[in-house]
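Right, one structure below, let's go through it.
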Amino acid sequence: MLPISSTGTAMAAILGTMIAMVGGLVAIQEPIQKIAANDSNASKGKNSGASTTSVGNWLPCPESEPSKLAFEQYVSAYTPVWMFCFGIIVAFQLYEDFTANTYLQVLVGLSLPFLLQPMLLPSAGFNSPDAERPLLERYSFKANVWIAVYSFIGNYWYTHCKDQLFLTFLALQFFFVQLTSLSFHFCVSKFDDD
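Note that the working numbering numbers the sequence shown so that position 43 is 34, with each residue one more than the last.
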């Protein structure tokens, strides 16, 4: 393994690895084959005059998974908004003045459109059939529950490992601050200045 001398180099290596993994996943996707009818023979089930086109399979099929498609479109529309907000926070170094409460307000505020969407906008703005379903049967609600469970497991158990190689490698320290007014723990991290 190559020695990494600074935290910035380590973070760049991690980001590069993540980008390479996403690029690899995109490269191995198999395109969905769609047959476009050029004449009446194609509509009768004969492929003599039909042309085949490949389309990417980034989004779910609108015929078989309309709820999933609508939620993915909603997420795709809102993601640039929260990314822009984080970009502003980083570009103007606003995080330097953030307290634990400020972090909580920013993160909860940015997550509210995802958390409230199943209740306030069940159609996801893209004509989802979830608008007619009860809350517990909506795709977006199930996705939020899954993300909450997965996040809890990852943040609670995987950051409390005895090894802590990842945390040591990045020179991070975690401090848990209890916000008594909200009665739950909030985790703040900072880099060592050593």
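We treat Cβ as the ideally placed atom computed from N, Cα and C, and that holds for glycine.
Under the three-state reduction of DSSP, E128 is assigned to helix. Boundaries of the alpha helix (DSSP H) harbouring I79: P57 to A82, taken from the DSSP string. Of the residues A134, P51 and Q108, the one whose Cα lies closest to the Cα of A122 is Q108.
Annotation: the continuous alpha helix (DSSP H) that includes F105 extends over A91 to L111. Just so you know, the alpha carbons of W73 and E56 end up roughly 26 Å apart. Excluding sequence positions up to five before and after C76, its CB lies within less than 7 Å of the CB of L101, all in the same chain and listed in chain order.
Secondary structure of A139 (DSSP, three-state): helix. Here DSSP, grouped into helix, strand and coil, assigns L85 to helix. Across the structure, P125 and M2 are spaced so that their CA atoms are roughly 43 Å apart. Y130 is a Cβ neighbour of F62, given a cutoff of 8 Å. Contact annotation: the stretch 112 to 120 does not touch the stretch 136 to 145, with fewer than three C-beta pairs closer than 8 Å. Closest by C-alpha distance to P120, out of L60, A4, V66 and L6, is L60.
In this structure, the beta-carbon distance from N135 to L106 falls below 8 Å. L16 and G7 have their C-alpha atoms some 14 Å from each other.
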